[in-house]
Amino acid sequence: MTYNLLKGKKGIIFGALDSKSIAWKIASRVHEEGGIFTLSNTPVALRFGEINQLAAQCNALVIPADATSVKDLEHVFKRSMEVLGGKVDFVLHSIGMSLNVRKQRDYDDVDYDFFQKTIDISALSFHKMLQVAKKLDAINEWGSVLALSYIAAQRTLAGYNDMADAKALLESIARSFGYIYGREKHIRVNTISQSPTRTTAGSGIKGIDGLLDFTDRMSPLGNATAEECADFSIVLFSDLSKKITMQNIYHDGGFSSMAMSLKAMTQYNKCLDEEDYL
Ligand SMILES: NC(=O)c1ccc[n+]([C@@H]2O[C@H](COP(=O)([O-])OP(=O)(O)OC[C@H]3O[C@@H](n4cnc5c(N)ncnc54)[C@H](O)[C@@H]3O)[C@@H](O)[C@H]2O)c1
Numbered sequence: 161m162t163y164n165l166l167k168g169k170k171g172i173i174f175g176a177l178d179s180k181s182i183a184w185k186i187a188s189r190v191h192e193e194g195g196i197f198t199l200s201n202t203p204v205a206l207r208f209g210e211i212n213q214l215a216a217q218c219n220a221l222v223i224p225a226d227a228t229s230v231k232d233l234e235h236v237f238k239r240s241m242e243v244l245g246g247k248v249d250f251v252l253h254s255i256g257m258s259l260n261v262r263k264q265r266d267y268d269d270v271d272y273d274f275f276q277k278t279i280d281i282s283a284l285s286f287h288k289m290l291q292v293a294k295k296l297d298a299i300n301e302w303g304s305v306l307a308l309s310y311i312a313a314q315r316t317l318a319g320y321n322d323m324a325d326a327k328a329l330l331e332s333i334a335r336s337f338g339y340i341y342g343r344e345k346h347i348r349v350n351t352i353s354q355s356p357t358r359t360t361a362g363s364g365i366k367g368i369d370g371l372l373d374f375t376d377r378m379s380p381l382g383n384a385t386a387e388e389c390a391d392f393s394i395v396l397f398s399d400l401s402k403k404i405t406m407q408n409i410y411h412d413g414g415f416s417s418m419a420m421s422l423k424a425m426t427q428y429n430k431c432l433d434e435e436d437y438l
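To convert a position in the sequence shown, counted from 1, into our numbering, add 160.
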């Protein structure tokens, strides 16, 4: 169902790689709701991903950028204002990458150059995006900036590695910048803490299949899908959420409030029976 929630709104969507990407689903939903936008991703992602298909479907220009480069980000914001005909109303940061996770370096044996890259790509890029946008005065009053986070920012999850630290910083940046941007320009800055989701980045998490099953059994409403994340994102981009800022909002079927569920306990007890555990 569509509601025309974003009619007349303009934006920039960072991080759509392929049709599994959360940013891809959000872009499609924004398009359905009448919003117009540019898309951005790294030159490598443009070569190997499928972003041009999405761009054709949504009639969007693709602007290559490494989100760790202030110069690239300045270009994205300037070019977006040119092609969209003025300042934007929403920005999506849907970017994450850890070489320690990719190369299977454990948290107590990380490579520190990789660690710095994780922080730069997955968290600092959000600050850079906000600072560039503010300096260029690129976002309209009551605009909405959103990044995607994960519960490992607050709770320890085996295998999430240095991405947990990056997500903690990402959520902190949303609060710290959200205060300044709200005070000066009435611009909202929030993060959505999404359920584990089977995407290219998500599949890098150690034991993703078991994790997806566990969180699904633990969540009274089940895991939130990427499509459901897109539904929630359009509300946060719309005028219906004007006074929500500096928040990390769990979009996880209730997982974050659980400690043990009947479904998870039933499954766990089966394993104990099998192993004849005393
Ligand atoms: N999949 C999950 O389980 C899950 C859960 C919660 C939060 N998230 C977060 O959602 C966001 C999107 O991830 P996804 O799951 O859709 O996976 P994805 O792999 O589709 O998206 C990650 C994106 O980051 C981009 N990227 C990497 N380095 C970049 C750089 N230097 N500059 C610009 N872009 C860069 C990639 O090209 C890719 O498009 C990430 O922040 C991720 O941490 C994912």
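Glycine residues also receive a C-beta, built at the ideal position from the N, C-alpha and C atoms.
Model, not experiment: these values are computed from the prediction.
Residue 255 beta carbon near ligand 1 (any heavy atom closer than 7 Å): yes
Exposed unless 16 or more other CB atoms sit within 10 angstroms - verdict on residue 289: buried
Reduced DSSP category for residue 310 - H, G, I as helix; E, B as strand; rest coil: coil
Cβ-based burial, residue 302 [other Cβ within 10 Å; buried from 16]: exposed
For residue 400, three-class secondary structure by DSSP: helix
8 Å Cβ cutoff met for residue 292 and residue 230: Result yes, Cβ atoms of residue 292 and residue 230 sit closer than 8 Å.
Inter-residue spacing [alpha-carbon to alpha-carbon] between residue 245 and residue 180: Computed Cα separation, rounded: 30 Å.
Buried versus exposed call for residue 258 [16 or more other C-beta atoms within 10 Å across all chains shown]: buried
Cβ-heavy atom distance, residue 405 to ligand 1, below 7 Å: The nearest non-hydrogen atom of ligand 1 is 7 Å or more from the C-beta of residue 405.
Rounded separation between residue 200 and residue 311 - CA only: Their Cα atoms are separated by approximately 26 Å.
Of the listed residues 209, 185, 218, nearest to residue 195 (C-alpha basis): 218
Bounding residues of the alpha helix (DSSP H) (the contiguous stretch that carries residue 270): Looking at the DSSP string, residue 270 is not in any alpha helix (DSSP H), and its letter there is neither H nor E.
Beta-ladder partner(s) of residue 233, from DSSP: DSSP output for residue 233 lists no bridge partner at all.
Contact test: residue 356 Cβ vs ligand 1 heavy atom, cutoff 7 Å: yes
Reduced DSSP category for residue 163 - H, G, I as helix; E, B as strand; rest coil: coil
Min CB distance residue 274 to chain B below 8 Å: In the displayed structure, chain B is absent; only one protein chain is listed.
For residue 373 and residue 441, the rounded distance between their alpha carbons: Because the chain spans 161 through 438 in this model, residue 441 falls outside it and cannot be assessed.
Backbone CA spacing between residue 315 and residue 242 [nearest angstrom]: Going from the Cα of residue 315 to the Cα of residue 242 covers about 42 Å.
N- and C-terminal bounds of the alpha helix (DSSP H) containing residue 372: Boundaries of the alpha helix (DSSP H) around residue 372: 368-378.
Residue 177 Cβ short of 7 Å to ligand 1 heavy atom set: yes
Whole-number beta carbon distance between residue 329 and residue 279, since they are thought to touch under 8 Å: 6 Å
Whether residue 418 touches residue 355 by CB criterion (8 Å): no
Coil, strand or helix - residue 224 by DSSP: strand
Terminal residues of the beta strand (DSSP E) in which residue 197 lies: Membership of residue 197 in the beta strand (DSSP E) is indicated by the continuous run 196-201.
CA-to-CA distance, residue 400 to residue 266, given in whole angstroms: 42 Å
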